[in-house]
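Those letters in the sequence shown? Residues 455 to 952, per the working numbering, in order.
What follows is a set of notes on a single structure, which appears directly below.
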Amino acid sequence: MRFTVDEIVAITGGCLLSVSDSSANVVDNVTQDSRQARAGSLFVPIVAKRDGHDYIAEAIKAGACAYLIAREARIVQAEKGLSLTSDIATIAATATDEKVAVAAVEVEDTRDALTLLAESARKRIGETPVVGITGSVGKTTTKDLLSAVLQYDRQVHASRHSYNNEIGVPLTLLAVPESVVADGASDAHAVVVEMGSRGSGHIEHLCDIAKPTMGVVTTVGLVHTSEFGSLREVAAAKRELVECLPAAEHGGVAFLNADVPEVMAMSSSTEADVITFGTSGEADVGAENIVMNNDLTSSFTLVNRGAVENSRNGFSVNEIRVTLAARGLHSVVNALAAAAVGLRLGVSLRNVAKGLLDPVLSPLRMDLVHAASGGMILNDCYNASPLSMRSALHSLALLPCKRRVAVLGVMAELGEHSADEHAAIAATAAELNVQIIAANAPEYVDFSNSGRIIHVLNREEALEALNDLGGLDVDTAVLVKGSRVAGLERLVDALTKL
Numbered sequence: 455m456r457f458t459v460d461e462i463v464a465i466t467g468g469c470l471l472s473v474s475d476s477s478a479n480v481v482d483n484v485t486q487d488s489r490q491a492r493a494g495s496l497f498v499p500i501v502a503k504r505d506g507h508d509y510i511a512e513a514i515k516a517g518a519c520a521y522l523i524a525r526e527a528r529i530v531q532a533e534k535g536l537s538l539t540s541d542i543a544t545i546a547a548t549a550t551d552e553k554v555a556v557a558a559v560e561v562e563d564t565r566d567a568l569t570l571l572a573e574s575a576r577k578r579i580g581e582t583p584v585v586g587i588t589g590s591v592g593k594t595t596t597k598d599l600l601s602a603v604l605q606y607d608r609q610v611h612a613s614r615h616s617y618n619n620e621i622g623v624p625l626t627l628l629a630v631p632e633s634v635v636a637d638g639a640s641d642a643h644a645v646v647v648e649m650g651s652r653g654s655g656h657i658e659h660l661c662d663i664a665k666p667t668m669g670v671v672t673t674v675g676l677v678h679t680s681e682f683g684s685l686r687e688v689a690a691a692k693r694e695l696v697e698c699l700p701a702a703e704h705g706g707v708a709f710l711n712a713d714v715p716e717v718m719a720m721s722s723s724t725e726a727d728v729i730t731f732g733t734s735g736e737a738d739v740g741a742e743n744i745v746m747n748n749d750l751t752s753s754f755t756l757v758n759r760g761a762v763e764n765s766r767n768g769f770s771v772n773e774i775r776v777t778l779a780a781r782g783l784h785s786v787v788n789a790l791a792a793a794a795v796g797l798r799l800g801v802s803l804r805n806v807a808k809g810l811l812d813p814v815l816s817p818l819r820m821d822l823v824h825a826a827s828g829g830m831i832l833n834d835c836y837n838a839s840p841l842s843m844r845s846a847l848h849s850l851a852l853l854p855c856k857r858r859v860a861v862l863g864v865m866a867e868l869g870e871h872s873a874d875e876h877a878a879i880a881a882t883a884a885e886l887n888v889q890i891i892a893a894n895a896p897e898y899v900d901f902s903n904s905g906r907i908i909h910v911l912n913r914e915e916a917l918e919a920l921n922d923l924g925g926l927d928v929d930t931a932v933l934v935k936g937s938r939v940a941g942l943e944r945l946v947d948a949l950t951k952l
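Shown next as structure tokens:
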């Protein structure tokens, strides 16, 4: 979405510090990552673990034509003898041997300025459907599947990767193509926004920015309980999405997982239409005759039981056989959520099936790859919670092999539930005859003393433990999974070379 620098100044209430002709620059990309800056970018430095202001020069070298400066940061830098305007531009120009003409806009707070820009972008989007997706697990996969389903009916813009917080959601809105604003045809486009939460009020805040007209709740489980405290509080946080939807007469639709009581209870908290999805026989959009394939993909009969009006295609066809590319039995429910939204927006059952067969899925989620030795590696190391860990273990148990090993990292942010949940996962692995290699995760405890848990401290020790167990041969499958802090994707790279 395009903004002139003058518009950026007006929207953010900022002050243009540069005095060059760069005030006429047009921004068509907004990023907080200097590595992603390019010609036409507005760089928004965010202060988190690192201070983004330290990377302004790098963003300029990459082509950024404008950047924001937090007032306090400029003052602090000035006390150090460094200007966040002329000095940084000079540094960048020296490094690139080019004349750098950039606009520096001083704002009170860069996060707040980013939010204001996103709110302006949302106003430009107008009547185009905006679908918010939340849930304890399955948000990104559902987003990927929905994007694939809707592409046959309209131009779709969706969150990149897992851009689902107070930074990612604004960036998603600001990246909406200009064509969505230009033609104004609400049935020619859709925006899909993933929404995460680490505490009460987070999703409500994201809804204030994105103003979703439709909302999907995938499921509710013990995730981030170090912040939430209990399952009830997790459910309350996810419920904020359906509470923020417009009423049915204004196009609001809530899509709820019929298989999860905590999600179904949210139906009384919204004035939007409610459409259910799930594997239970009562769901509006359901799955029957589910068959799991050897590669963990699945086939099932997708059934529209008539509650989802598909005005373009009527009800002459209400079921179709689907092959789902996303792996794992849990992905079926995510596919049903995507199908329900697609059907409501007028996508035919045939095109829903096409989308589910050939989506572009985000990496590190149930990727099945083979090692050089022929052994199977189930790479699900993007993140981990008790819900997703159980699903991954059950998927591992379905792979056709003689020996199954799970290299597991810690499940983070579980608070007082952490010890019990890690022990429960260990028990589940024992029931499924899965050997655990716990990578720097001491809370996986083998109460049966069966020897089914080997504790290691790092990647090298994990590889040694696997070799001691017999290596990774054609009869072995290894699951690699843990929270992001575990960094287990580096282990997957090593395993593929065995």
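Glycine included, every Cβ here is placed at the ideal spot set by N, Cα and C.
As the structure is a computational prediction, the values presented were derived from the model and not from experiment.
Note down the Cα distance separating G592 from N788, rounded to an integer number of angstroms. 6 Å
With 16 other CB atoms within 10 Å as the buried threshold, where does G768 fall? Legend: pLDDT at G768 = 46, less than 50; position of this residue unreliable, value from coordinates given subsequently. Burial call: exposed.
Note down, in chain order, each residue of its chain lying with its Cβ closer than 7 Å to the Cβ of D900, except the 5 sequence neighbours on either side. A880, R906 and I907
The alpha helix (DSSP H) with E773 in it runs from where to where? Taken as a continuous stretch (DSSP letters only), E773 belongs to no alpha helix (DSSP H), being part of the beta strand (DSSP E) at E773 to L778.
Where T673 falls: helix, strand or coil (DSSP): Correct three-state label for T673: coil.
In whole angstroms, give me the CA-to-CA distance for V674 and I462. The straight-line gap from Cα to Cα measures roughly 39 Å.
Helix, strand or coil: which one does DSSP assign to H909? Correct three-state label for H909: strand.
Are the CB atoms of E648 and V623 nearer to each other than 9 Å? yes
Just curious, the beta strand (DSSP E) that I657 is in, first and last residue? Per DSSP, I657 belongs to no beta strand (DSSP E); it is in the alpha helix (DSSP H), H656 to A664.
Could you tell me whether the Cβ atoms of L568 and Q490 are closer together than 9 Å? no
Using C-beta distances below 7 Å, list every residue in its chain close to V801, excluding the 5 sequence neighbours before and after it, in chain order. Answer for V801: V603, L604, Y606 and D607, listed in chain order.
Considering only their Cβ atoms, is the gap separating L570 from V484 smaller than 9 Å? No, the Cβ-Cβ distance between V484 and L570 is not below 9 Å.
Taking G653 as the reference, give the member of R525, D713 and A690 with the closest Cα. The shortest Cα separation from G653 among R525, D713 and A690 belongs to A690.
Of the residues L799, V776 and S721, which one's Cα is nearest the Cα of V584? L799
Exposure label - R576; buried when at least 16 CB within 10 Å: buried
Within 10 angstroms of the Cβ of V946, are there 16 or more other Cβ atoms? Answer buried if so, exposed if not. buried
Report yes or no: do the region 830–846 and the region 921–939 share at least 3 C-beta pairs separated by less than 8 Å? Touching, per the Cβ criterion.
Considering only the beta carbon of each residue, do T672 and E697 sit closer than 9 Å? no
In three-state terms, what does DSSP make of G735? coil
Y521 - DSSP class collapsed to helix/strand/coil: strand
Helix, strand or coil: which one does DSSP assign to E897? coil
Nearest to L424 by alpha carbon, out of A825, K856 and M820? Missing from the structure shown is residue 424; the chain here goes from 455 to 952 and no further.
Check whether V670 and G589 have beta carbons under 9 Å apart: yes
Around the Cβ of A642, are there at least 16 other Cβ atoms within 10 angstroms (buried) or fewer (exposed)? A642 comes out exposed.
Rounded to whole angstroms, what's the CA-CA distance from T582 to V645? Just pull it up for me. Taking the straight line joining both Cα atoms gives about 7 Å.
How should H876 be labelled, buried or exposed, when 16 other C-beta atoms within 10 angstroms of its C-beta is the threshold for buried? buried
Shortest alpha-carbon distance to L750 belongs to which of P854, A493 and H507? P854
Nearest to E716 (by Cα), restricted to the options E703, A741 and V688: V688
Among the residues of its own chain, which have a CB less than 7 Å from the CB of R492, if the five just before and after it don't count? N483, A516 and G517
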